[in-house]
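Participant: What follows is a structure written as structure tokens; I'll ask about it next.
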């Protein structure tokens, strides 16, 4: 099984649901990783490399040189 091109890092919050709803409605395949605030994962060095703001959501497009989108407003309709 191949890895989906899109990888979403999110949490169950209002801003976290926006890209998840978008991906589902668009019918796109994606990998989902929940960021656990209770364990401060959003401040882990590996996550901060993707999103220096240390917030959710973060969407990585592996098909486009690991292009990263990490502003929740980019998912507003």
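Residue numbers (the numbering used here): 53 to 129.
Cβ coordinates follow ideal geometry from the N, Cα and C atoms, glycine included.
Note that the structure is predicted; figures quoted are calculated from it, not measured.
Touching or not, the region 94-106 and the region 68-82, by the rule of three or more beta carbon pairs under 8 Å?
Facilitator: no
Participant: Excluding sequence positions up to five away, which residues of its chain have a Cβ less than 6 Å from the Cβ of residue 84?
Facilitator: Cβ neighbours of residue 84 beyond the five flanking positions: 60.
Participant: Between 58, 57, 66, 55, which has its C-alpha nearest residue 125's C-alpha?
Facilitator: 66
Participant: If you drop the 5 nearest sequence neighbours on each side, which residues of the same chain put their C-beta closer than 6 Å to that of residue 115?
Facilitator: The residues are 57.
Participant: Just to confirm the assignment, what range does the alpha helix (DSSP H) spanning residue 74 have?
Facilitator: 66-78
Participant: Do residue 110 and residue 122 have their beta-carbon atoms positioned less than 7 Å apart in this structure?
Facilitator: It is a contact, given that the beta carbons lie within the stated cut-off.
Participant: DSSP three-state call for residue 83: helix, strand or coil?
Facilitator: strand
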